[in-house]
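The sequence shown stops at residue 447 when you use this note's numbering, and every number in between is there.
Below is one structure; the comments refer to it alone.
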Amino acid sequence: MTIKNRNVKILSKDYQSTDRMKNFMVMTAGLKLCPVQGDPDAFWVSGDSRGDYIDGPKYYKIVFGTVTQTNYVNGPDGYQVKQERTGSGFDCQASGDLNAWSMLASWSKLTKEWTSSTLKTRAA
Numbered sequence: 324m325t326i327k328n329r330n331v332k333i334l335s336k337d338y339q340s341t342d343r344m345k346n347f348m349v350m351t352a353g354l355k356l357c358p359v360q361g362d363p364d365a366f367w368v369s370g371d372s373r374g375d376y377i378d379g380p381k382y383y384k385i386v387f388g389t390v391t392q393t394n395y396v397n398g399p400d401g402y403q404v405k406q407e408r409t410g411s412g413f414d415c416q417a418s419g420d421l422n423a424w425s426m427l428a429s430w431s432k433l434t435k436e437w438t439s440s441t442l443k444t445r446a447a
C-alpha cells in the first residue's frame, strides 16, 4: 500500500524495511517511539532529541512504508508543474494536520543537523 496525499517524507528511493527506517529516525532525530497496537508499521511519537512533546504521548503518529511525495515547482513557462516521487519513507499524522506538517519539517531539520555533524566528525 502506498501512502499518498499526506505529510510524507521519502528516506530512500529503494525499498527499506520498517525496522531500518525506524532505527534511522531514532538515531538521527532522537524520536521516542511506542508501537501502535494492531499496526506493525505505525508508532506513537512522544518526543525527540529536544525533549518530550507537550501534546501527550498519543498525538503524533509516524507510519513507515512506501510513500509518494508530491512537490509543485515553477515550470519554464511560469506555471506550476507537479512532480511525484515514490520511495520508502514515512507519513506524519496528527489530529491537527498543520501540526503534523510542522513536525515533519522539524524532524527533517534534526536529521539534516545530525547528518552534517556526523560528516564533519568523520572528516576531522
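Idealized CB from N, CA, C, for every residue including glycine.
On a predicted model such as this, the values are computed, not experimentally measured, just so you know.
C-alpha gap between residue i and residue j, whole angstroms
i      : j      : result
Asp371 : Gly353 : 5 Å
Asn330 : Thr444 : 32 Å
Tyr382 : Gly401 : 39 Å
Lys336 : Phe347 : 15 Å
Thr441 : Arg373 : 18 Å
Ala446 : Leu427 : 29 Å
Gln416 : Lys435 : 21 Å
Thr351 : Asp342 : 14 Å
Ser418 : Ser439 : 32 Å
Trp430 : Asp375 : 14 Å
Per-residue burial, residue i [other beta carbons within 10 Å of its own, 16 or more giving buried]
i      : result
Gly398 : exposed
Tyr395 : exposed
Lys345 : buried
Asp414 : buried
Gly412 : buried
Ile377 : exposed
Lys384 : buried
Val386 : buried
N-terminal and C-terminal residue of the alpha helix (DSSP H) that residue i is part of
i      : result
Asn346 : 341-352
Start and end residues, beta strand (DSSP E) containing residue i
i      : result
Ile385 : 383-397
Lys332 : 331-335
Gly370 : 362-371
Pro380 : From DSSP, Pro380 is part of no beta strand (DSSP E); its letter is neither H nor E.
- Message: Which runs of the beta strand (DSSP E) at least 3 residues long sit entirely within the region 399-436? Give them in chain order.
- Response: The qualifying runs are 403-416.
- Can you find at least 3 beta carbon pairs, one from the region 407-423 and one from the region 386-393, that sit closer than 8 Å? With the cut-off at 8 Å, the region 407-423 and the region 386-393 touch.
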